[in-house]
Amino acid sequence: MNTPRKSKTPNAGRRLTGFQLRRNSKFQVRVFISGIILAALMVWARGATVLGADLAAEFDSANKLYEQGKFREAASAYEKIVRSGPVSSALYFNLGNAFYKCGAVGRAIAAYRQAERLAPRDPDLRANLQFVRNQIQGPSVVPNRWQRWLGRLTVNEWTVLASIVFWLWLLSLVLGQLRPAFRPPLRSFRVCSGAGAAALCLCLSAALLTRSAPTAIVIARDVAVRNGPLDESQTAFTVHDGAELTVLDHKEGWLQVSAGDQPRGWLKREQVLVWPSGTPGHSRNGGV
Amino acid sequence: MRKLRLQLGSPGRGQGRRRFRFDSGFWGLLACVFPLTLSAATFTANLDRNPITLGESATLSLTFEGGTPAQDPTLPAIPNLQITYIGPSSRFSVINGQVSSSVTYNYTVVPGQAGDFIIPSITAAVSGQKLATQPLRLTVLKPGTTGAGVGSAEGQLALLRLLLPKKELYVGETVEAQLELLVNEKVQGAHDFQPAAIPAEGFNLGKLLQGQQRRVQAGSAVFALNPWAFTLAPVKNGSLSVGPITASLVVELPSARRRRDPLWDPFGLLNPPEQRTLSLATEAQSVQVLPLPPEGAPPDFNGAIGDYSLTVTAGPTNVAVGDPITVKIQVAGSGTLDSLALPNQPAWHNFKIYPATSKTETSDALGTRGVKIFEEVVVPQTADITELPPLSFSYFDVGRKSYRTLTGPPIPLAVRPGGVAAVPVIAAGNRGAPENQPPTQDIVPIKQRLGEIGQIAPPLVQQPWFLTLQGAPVLAWLGTVVWRKRNDKLAHNPRLRRRRQVVRLVRAGQADLRRYAAENNSDQFFATLFRLLQEQLGERLDVPASAITEAVIEEHLRPGDVPERTLSGLHDLFQACNLARYAPIKTSQALAAFIPQIETVLRELEEAKR
């Protein structure tokens, strides 16, 4: 029986079989897709470089306004950069400084807290936030020691840390299955990594809860916290610009807030910035 | 629903005077040892409960902190109020080198009639300094006027009552209410006291604080009285009500079946006490809440309600224009101290005023009495200033039912022309700044580099791709677990292992047969075929492959359920193998013609095996 002899090179004899044609077209498609991806990456990298250069120029001009003592104009310039999309902790830090120099303590705290989400261990940022918080008069919620400890890492850092330890723990389990002889020497590592993964997951949950708890930052000079969500309600206590309050409830343009052990009360939504944004009482009058 | 701890037993008594002399000397000696770290002495007076019902007693405590009096304090005689000295108690602590000590003189106060009593200011000399307490008001209620009185409780095992000091309150006024649980001493034990949430619509409620247990008598019955105090502050006017407060309590009563035999049952194990769950409830108390009168409200009134006194000091008083002066304002008294705020001072228009810092030091557990200390930095703007104008603070005095304005003294200043204005030092950071750090003067300057830029995105843990990725190691682990189980199962089942080996061998052998047929290799072809038949039949019959010959067809396969067609095919294949030894087949086509038959027989054998 005569069987067709297979050629060792696909193009030998210049006559391509159906199989060779299919393989060749697949190769061309792969080259085409790779080319598109490469081109897209180059465009993105170029765009990012141009964007970074534009942002840096705008940032420098805002810094210049600040150094000239034009704090209000500097704050507007920083806010414009923030609204354009990409942000950095330095941008929010400088925005907080500009607000503080304008006398807008509450907005400064909101900007510093935004920067804190990006760079929680920045000593300059911590110093400024502490400094500004120390000047707030009247009731205000201050993070306790546990919350401060959790705040030393960002949520993403907690996530990555917990994920690494979780993967290491499962890796030790997989190794134990693949090579049973590894089980005894890996026992202590397995126990420690398992406990570590559980503890880190708890820390991650606590960090998420802490950061997602809505806080109202007062941005008006003196705000009367009333006993009910009505203008006619009696004033329960007064809070001042920069006070940070826990948001408990919201109703028709009013927020129910509490300042730690203080009695609860209601204040108008436009007098505060709600942190983090996106929570039910989030203010639309923006700023940061 | 909360679960409160309940202790039954006799309340302790105070120590004698002799012990107190020793204690006073001891604390005095310690005060000499740590003279530098002791703070200024204070003298306060407190009642452990207020109001009380006629027939009950209260404990008056006179507390000296940071020093001991040269002489025991003397109390004035008050008509219809019998005050008896019980004894002293003292406390001493050293925390981080900070020494604090206090001596408390305790007195029993027994009223002779219902009504309001004022215990006037009591003075005492401590280290050459004359100190005075705030006057105290004690309200004595008639039995049965608020809730169930003790007198009506004689036959009951336990009862709950709610005591309010006043029936008429102002909006924002804070009063101390008492919840009292009385347990008859016939009860052997009481536990699991679980009060429900206090129904008090229109009020802000404080935390429940348990007081000291004491004994009260009603007729021939004696009760253990467990008090809880809490604060009430109405937030709206009108007729409001507090209660009824409901609670459950488990009591243990002596067994009613028979008396305990001291010989055979010395510990009462055979006659355990009978447990009974009681449902208790107070009566609802109605309160008339009045709005603050609009007439007479001072312009600087900012909502402070209570009874306060004011002290203002400032320093330094000899400064240059632009130098900071720290003004220390102490507002002491009773009321909602935490929410006190300083009003604006229009008279201070020649000063630049920085936001004040404040701290609150309460002298009672409920936080309604104490002192709030403000520190405000002011900077004189001109050299014409000769004094710091008097500071005014207004509040509504609920006792007098009128507004009052407290005014501090004008503080003389010497202000000289200065150069560049100095940035004020924040005198008292009240929010946990590290103590050893020098006070910060200004914020850290701006950053000159933009740093790493990025978009604000949801955290990784909320992104689906990241969560999906975390499933990868879990799947890997589950895969290895399944793989390990299969391997273990195979290792403990040699028949299964052989079956799989034969399947692999047959699959490889069929490929070899095709190759040998193509190469026209008759010897190898039939040798392989014979080996495959041996392996397949040996595995099926569970005998060694080398023991398989054509004879097994008749001996083992025919009696079994193997189809005749398969047996016939097998027979032909064995015959072909035997023939090939003597007369090898010369063409590859003839060899290839065997392959379909071989595959059919092997497949049928495989299927027959199942």
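Those protein sequences? They're chains A and B, same order as listed. Numbering follows this note's numbering, with no gaps: position 15 of the first sequence is 108. Numbering follows this note's numbering, with no gaps: position 103 of the second sequence is 104. Just so you know, even glycine gets a beta-carbon here, dropped at the ideal spot from N, CA and C. As the structure is a prediction and not an experimental result, all values here were calculated from the model.
* Below-8 Å beta-carbon distance, S182/A vs any chain B residue -> Output row for S182/A: interface = yes.
* Is DSSP giving Y517/B helix, strand or coil here? -> Helix at Y517/B.
* Going along chain B in order, which residues have a C-beta closer than 8 Å to the C-beta of F152/A? -> In chain order: L451.
* What's the gap between the Cα of G570/B and the Cα of L538/B? -> Distance between the alpha carbons of G570/B and L538/B is about 13 Å.
* To do: Pull up the distance between the alpha-carbon of L241/B and that of I306/B, whole angstroms please.
  => L241/B and I306/B have their alpha carbons spaced roughly 19 Å apart.
* So, does the CB of S359/B fall closer than 8 Å to a CB anywhere in chain A? -> It does; some Cβ of chain A falls within 8 Å.
* Asked: For P121/B, which residues of its own chain have a beta-carbon under 7 Å away from its beta-carbon, when the five flanking residues on both sides are left out?
  -> Answer for P121/B: P77, P136, listed in chain order.
* Asked: Can you round the beta-carbon distance between I444/B and N221/A to whole angstroms, since I take them to be within the 8 Å contact cut?
  -> Between the beta-carbon of I444/B and that of N221/A there is about 5 Å, and that keeps the pair under the 8 Å contact cut.
* To do: Classify P277/A as helix, strand or coil using the three-state DSSP reduction.
  => Here P277/A sits in helix by DSSP.
* Would a C-beta distance cut-off of 8 Å place L63/B and I123/B closer than the cut-off? -> Yes. Within cutoff.
* Is I174/A closer than 8 Å to L148/A when the C-beta atoms are compared? -> Yes, the Cβ-Cβ distance between L148/A and I174/A is below 8 Å.
* **the stretch 331-360 of chain B: positions lying closer than 9 Å to chain A by Cβ** => Residues passing the 9 Å Cβ filter: T337, D339, S340, L341, A342, L343, N345, Y355, P356, A357, T358, S359.
* Count the CB pairs spanning the stretch 495-508 of chain B and the stretch 283-296 of chain A that are closer than 8 Å, and state whether there are at least three. => Segments in contact, no.
* So G346/A and N320/A are in contact, right, with Cβ under 8 Å, and what is the actual spacing, rounded? -> About 17 Å; that fails the 8 Å criterion.
* Name the residue from G304/B, T318/B, L367/B whose alpha carbon lies nearest to the alpha carbon of F394/B. => Comparing Cα-Cα distances from F394/B to each of G304/B, T318/B, L367/B, the minimum goes to G304/B.
* Asked: So, using beta-carbon positions, are Y615/B and L291/B closer together than 8 Å?
  -> This structure does not reach residue 615/B, given that chain B is present from 2 up to 611, and the question cannot be answered.
* Asked: What did DSSP end up calling V570/B once you bin it into helix, strand or coil?
  -> Residue identity differs from the one stated: residue 570/B is Gly in this sequence, not Val. The answer is helix: DSSP assigns G570/B an H, G or I state.
* At which residue ranges does the stretch 297-373 of chain A contain complete beta strand (DSSP E) runs of 3 or more residues, listed in the order of the chain? -> Within the stretch 297-373 of chain A, the complete beta strand (DSSP E) runs of at least 3 residues are 308-311, 315-319, 328-333, 337-344, 347-351, 358-361, 365-368.
* For R582/B, I'd like the list of residues in its chain whose CB is within less than 8 Å of its CB, leaving aside the five on either flank, ordered along the chain. => Closer than 8 Å at Cβ, skipping near neighbours: F527.
* To do: Assess, as a yes-or-no matter, whether the stretch 363-371 of chain B is touched by the stretch 410-417 of chain B under the definition of 3 or more beta carbon pairs within less than 8 Å.
  => No, the stretch 410-417 of chain B is not in contact with the stretch 363-371 of chain B.
* Going by alpha carbons, who is nearest to N205/B out of L348/A, W260/A, L188/A, F330/A? -> Of the candidates L348/A, W260/A, L188/A, F330/A, the one whose C-alpha sits nearest the C-alpha of N205/B is F330/A.
* Asked: Can you give the Cα-Cα distance for S305/A and P369/A, rounded to whole angstroms?
  -> Cα to Cα, S305/A sits roughly 6 Å from P369/A.
* Asked: Where does A415/B fall in DSSP's three states?
  -> Note: A415/B maps to strand in three-state DSSP.
* To do: Could you check the C-alpha separation between Q189/B and A178/B for me, to the nearest Å?
  => Their Cα atoms are separated by approximately 29 Å.
* Asked: Among L470/B, E202/B, P410/B, V602/B, which residue has its Cα nearest to the Cα of V288/B?
  -> The shortest CA-to-CA distance from V288/B to any of L470/B, E202/B, P410/B, V602/B is the one to E202/B.
* Whole-number beta carbon distance between T308/A and L338/A, since they are thought to touch under 8 Å -> With a Cβ gap of about 7 Å, L338/A and T308/A count as contacting.
* Neighbour flag for Q576/B against chain A, beta carbons, 8 Å -> Q576/B does not count as touching chain A.
* To do: Give the DSSP-derived three-state secondary structure of F397/B in the structure shown.
  => Note: F397/B maps to strand in three-state DSSP.
* **Between the CA atoms of F302/B and G336/B - distance to the nearest angstrom** => Roughly 15 Å between the two C-alpha positions.
* Whole angstroms is fine: what's the gap from V482/B's alpha carbon to L461/B's? => Going by the C-alpha atoms only, they are around 29 Å apart.
* Please confirm if the stretch 366-380 of chain B is in contact with the stretch 341-357 of chain B, defined as three or more CB-CB distances below 8 Å between the two stretches. => Under the Cβ criterion (8 Å, minimum of three pairs), the stretch 366-380 of chain B counts as touching the stretch 341-357 of chain B.
* Examine chain A for any beta-carbon lying closer than 8 Å to the beta-carbon of R487/B, and answer yes or no. => Nearest CB-CB separation between R487/B and chain A: not below the 8 Å threshold.
* State the Cα-Cα distance for the pair T175/B and V223/B, rounded to the nearest angstrom. => Cα to Cα, the separation comes out at about 33 Å.
* Asked: Do you know offhand how far V563/B's Cα is from R280/A's?
  -> Spanning the two alpha carbons is a distance of roughly 53 Å.
* Based on Cα-Cα distance, which residue from P585/B, E556/B, R496/B lies nearest to R541/B? -> Answer by Cα proximity: R496/B.
* G371/B - partner residues in DSSP beta bridges -> Under DSSP, G371/B shares a beta bridge with G334/B, T363/B.
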